[in-house]
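For the record, the sequence lines run as chains Z and U. With this note's numbering applied, the first sequence corresponds to residues 977 to 1295, in that order. With this note's numbering applied, the second sequence corresponds to residues 1243 to 1522, in that order. Even glycine gets a Cβ: it sits at the ideal position worked out from N, Cα and C. Step one of this worksheet: look at the structure below.
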Amino acid sequence: MQIGEASGLKIGQATRDAFGRALEALGANYPEVVVVDGDVGNSTRTEWFAKAFPDRAFNVGIAESNMVSVAGGLAAAGKTPVVASFACFLLCNAFDQIRMSVAFPGLNVKLVGSHAGISIGEDGPSQMGIEDVGLACSMPGVSVIVPADAVSTRLATEAMLKHNGPTYLRLGRPDVAEIYDDNCKFEIGKSIRVREGGDVTIIANGLMLAVALDAATQLEKDGVSARVIDMHTVKPLDEDAIVEAARETGGIVVAEEHLAAGGLGSAVATVTSQTTPVPMEFVNVGDVYAESGDAAGLLEKYGLTSQAIVEAVQRVKQR
Amino acid sequence: MAVQATKLGIDELKEMATRLRRHIVNMTTAAGSGHPSSSMSAVEVVTALYFGGFLRIDSQNPTDPDRDRFVLSKGHAVPVLYAAMAESGYFSVEETLTLRKLGSPLEGHPNMRRLAGIEASTGSLGQGLSIGLGQALGQRLDGRDSRVFVMTGDGEMGEGQVWEALAAAGKYRTANLTLIVDQNGYQQTGAAKDVLDQTPFAERIAPFGWHTQTINGNDMEEVLAALETATGVTDRPTAIVSETKKGFGILPVMEEAGDMNFHGKPLSPELAEKALKLLV
Chain Z
977 MQIGEASGLK IGQATRDAFG RALEALGANY PEVVVVDGDV GNSTRTEWFA KAFPDRAFNV
1037 GIAESNMVSV AGGLAAAGKT PVVASFACFL LCNAFDQIRM SVAFPGLNVK LVGSHAGISI
1097 GEDGPSQMGI EDVGLACSMP GVSVIVPADA VSTRLATEAM LKHNGPTYLR LGRPDVAEIY
1157 DDNCKFEIGK SIRVREGGDV TIIANGLMLA VALDAATQLE KDGVSARVID MHTVKPLDED
1217 AIVEAARETG GIVVAEEHLA AGGLGSAVAT VTSQTTPVPM EFVNVGDVYA ESGDAAGLLE
1277 KYGLTSQAIV EAVQRVKQR
Chain U
1243 MAVQATKLGI DELKEMATRL RRHIVNMTTA AGSGHPSSSM SAVEVVTALY FGGFLRIDSQ
1303 NPTDPDRDRF VLSKGHAVPV LYAAMAESGY FSVEETLTLR KLGSPLEGHP NMRRLAGIEA
1363 STGSLGQGLS IGLGQALGQR LDGRDSRVFV MTGDGEMGEG QVWEALAAAG KYRTANLTLI
1423 VDQNGYQQTG AAKDVLDQTP FAERIAPFGW HTQTINGNDM EEVLAALETA TGVTDRPTAI
1483 VSETKKGFGI LPVMEEAGDM NFHGKPLSPE LAEKALKLLV
């Protein structure tokens, strides 16, 4: 069964595709936007913008360090550079360039990391961005957005371009479930309650939001009413929604396609521990590197399933 | 273009260079830390840029979009930049004595967020040329006739990112970008040729599609001529390999101290007094 199927969702575009189409469509209305590519534009989908606006796209070759600092310089000259690569190469290879050429000077650079998570599949762990959210969140002033589906990615892309400041947008490779319709309201830093529920809360983002919805569907059959929150912005975090969820439902499970360290789970736990301590459980990649394989098999093997979330909810309820 | 460059005569430029050197000694000795010798080697180039008719900037309107940019990639040499900025009117000469002190925007390395006129936050070596390339591409895209000058150190050329930027600038033929390599011959732990010899710079940079010159960077006339030539090139980026002496202007004092590198340390008040006597 595909992710989201249990909740009656259809499979739609990959978030990287939705981003690429959105950027291409927004290019005319945002004349200051330029793209800086490290020769992976056909993977990150910035090539669609580059084809439409060739003068505003720079492929600097396989050189992530230079790519990021060039984007910093373009921002210093008044441009809105979108610099895209695989999440792992962008955040891990060019971390110091993001720190010194973007975050520390507070420049308006849009960092876009595609192929995040283990669901990229066969290419294996060297290509999997599973540290990226933690690295991005560690830098003062950087907003971190992890959209779950095509519609919210399109809206996140425009919100990111409108926002003045360094921003990291995390995208995935595979096609994912369609969660939102065109009525979706997307605001950076404001989570979306995707499903009402009073017994427990599942907070998720990215690919894991649809998995969380599947878990909630299963839990409903078991007589547990689970609230599901799309925490698409990890930083700045929607603390009000977390506190409210803790108070009203008494337990939280956080699900994300990221290492345990530094991701959404850590961020949510920091809020609850200081405000509303409640039992919490975490569904994530843990503290290991994954391996090559098909995406569904990897998600199963590394515990990123609706069943894993259901079991986490059961543990929360027992405490 | 509304922004004008300051252009002093050769004698005034030499006097200005001496003034900047005095400021460097005074501010680093007052701070009790910093990199005076790394700053001294770059004085002629920085003086020529700010006062020799090259940088079209306005300290009273430091964010003018048409301005030229100077990116000091070897950020530890920032005292030379603060000295030139003070003489250009960005802040007072007295304020340079707040260097590295809590609350002062004159930080130990350049911080563009706190100080208008600083064009890049540097200090992690190797990033300035890429930043300058981005600025040059942005200015060109906007059809602005402005120019970006970037200064790296010779030790800094060990950073692979500089060579990434050299290749990319060659690809995009950014004729509005000039790199000055302040080849003062030393880096933190010793002579650059012993630590990691990257010379000859001009011969290695040129194949990336750059116009190159090699000069005595502590000779004001040579520096002016090289900058004149570089700004006249219209079809490719330009590099000036500026052969200098680390600590130029206070070499006898460094000799007396028995350290011709003198990296990352200020002159003691006694040595500073001796240095200032040389700088007249």
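Give the straight-line distance between the Cα atoms of Z:ILE1218 and Z:THR1248, rounded to the nearest whole angstrom.
-> 7 Å
Roughly how many angstroms separate the alpha carbons of U:SER1330 and Z:ASP1015, rounded to a whole number?
-> 42 Å
Please specify which runs of the alpha helix (DSSP H), each continuous and at least 4 residues long, are wholly inside the region 1013–1084 of chain Z, giving them in chain order.
-> 1017–1020, 1023–1028, 1040–1052, 1071–1074
Report, in whole angstroms, the separation of the C-beta atoms of U:GLY1380 and Z:LEU1050, which I expect to be a contact under 8 Å.
-> Rounded, the Cβ-Cβ distance is 5 Å, consistent with contact.
Check whether the Cβ atoms of Z:ALA1192 and Z:ARG1223 lie closer than 8 Å to each other.
-> No, the pair does not count as a contact, with Cβ atoms beyond the cut-off.
Any contact of the region 1383–1393 of chain U with the region 1299–1312 of chain U, i.e. 3+ C-beta pairs under 8 Å?
-> yes
Three-way DSSP call (helix, strand, coil) for Z:ASP993 in this model | helix
Please list, in chain order, all residues of the same chain as Z:TRP1024 whose beta carbon is under 6 Å from its beta carbon, the five residues on each side excluded.
-> GLY996, GLU1000
Of the residues Z:GLU1267, Z:GLY984, Z:SER1019, Z:VAL1176, which one's Cα is nearest the Cα of Z:ALA1288?
-> Z:VAL1176
Whose Cβ in chain U lies nearer than 7 Å to the Cβ of Z:GLY1238?
-> Residues of chain U passing the Cβ test: none, with the nearest at roughly 22 Å.
Any idea what DSSP makes of U:GLN1425, helix, strand or coil?
-> strand
Which residues of chain U have a Cβ atom closer than 7 Å to the Cβ of Z:ALA1026, listed in chain order?
-> Those do not exist, as Z:ALA1026 stays about 14 Å from chain U at its closest Cβ, beyond 7 Å.
Given that U:LEU1375 touches chain Z, what residues does it touch there, using C-beta distances under 7 Å?
-> Listed along chain Z, the residues sitting closer than 7 Å to U:LEU1375 by beta-carbon distance are VAL1046, GLY1049.
Endpoints, alpha helix (DSSP H) assigned at Z:SER1119 = Careful: Z:SER1119 lies outside any alpha helix (DSSP H), inside the beta strand (DSSP E) at 1119–1121.
Of the residues Z:VAL1152, Z:GLY1173, Z:LEU1240, Z:HIS1139, which one's Cα is nearest the Cα of Z:GLY980?
-> For Z:GLY980, the closest C-alpha among the options Z:VAL1152, Z:GLY1173, Z:LEU1240, Z:HIS1139 is that of Z:VAL1152.
Closest Cβ-Cβ distance between U:LEU1383 and chain Z: below 8 Å?
-> Proximity of U:LEU1383 to chain Z, defined by a Cβ-Cβ separation below 8 Å, is satisfied.
If we cut at 8 Å on Cβ distances, does Z:ALA1001 have a partner in chain U?
-> no
Chain Z within 8 Å of U:GLN1440, Cβ atoms only | no
Does the region 1075–1092 of chain Z come close enough to the region 1355–1372 of chain U to have 3 or more Cβ pairs within less than 8 Å?
-> Because the criterion of three Cβ pairs below 8 Å is met, the region 1075–1092 of chain Z and the region 1355–1372 of chain U touch.
For chain U, find out if any of its Cβ atoms is closer than 8 Å to the Cβ of Z:VAL1036; answer yes or no.
-> yes
Can a CB atom of chain U be found closer than 8 Å to the CB of Z:MET1115?
-> no
Three-state secondary structure (DSSP) at U:HIS1318?
-> helix
Determine the direct distance from the alpha carbon of Z:GLU1163 to that of Z:ALA990, and round the result to whole angstroms.
-> 20 Å
May I ask you to list, following chain order, the residues of the region 1055–1083 of chain Z that have a beta carbon less than 8 Å from some beta carbon of chain U?
-> Taking a C-beta cut-off of 8 Å against chain U, the contacting residues of the region 1055–1083 of chain Z are LYS1055, PRO1057, ASP1072, GLN1073, ARG1075, MET1076, SER1077, PHE1080, PRO1081, GLY1082, listed in chain order.
Where do the N-terminal and C-terminal ends of the beta strand (DSSP E) with Z:TYR1144 fall, by residue?
-> Where Z:TYR1144 is concerned, the enclosing beta strand (DSSP E) stretches over 1143–1146.
Whole-angstrom C-beta distance between Z:ALA1132 and Z:PRO1296, which should lie under 8 Å | Outside the displayed span of chain Z (977 to 1295) sits residue 1296 of chain Z, for which this structure offers no information.
Can you pull the DSSP bridge partners for Z:ILE1155?
-> The partner list for Z:ILE1155 (beta bridge, DSSP) is empty, contrary to what the question assumes.
Span separating the alpha-carbon of U:LEU1250 from that of U:VAL1522 = 18 Å
Alpha-carbon spacing of Z:GLN1283 relative to Z:ALA1202, whole angstroms | 14 Å
DSSP-derived helix/strand/coil call for U:GLN1302 = coil
Three-state secondary structure assigned by DSSP to U:GLY1359 = The answer is coil: DSSP assigns U:GLY1359 none of H, G, I, E or B.
Do you know offhand how far U:GLY1395's Cα is from U:GLY1295's?
-> About 23 Å.
Neighbouring residues, chain U, relative to Z:ASN1140 (Cβ below 7 Å) = In chain order: nothing, as chain U lies at least about 14 Å away.
Which same chain residues, not among the five before or five after U:PHE1312, have their C-beta less than 7 Å away from its C-beta?
-> LEU1291, LEU1297, GLU1361, PHE1391.
Could you name the residues that DSSP lists as bridge partners for U:HIS1453?
-> U:THR1480
Residue range of the unbroken alpha helix (DSSP H) whose run includes Z:VAL1292 | 1282–1294
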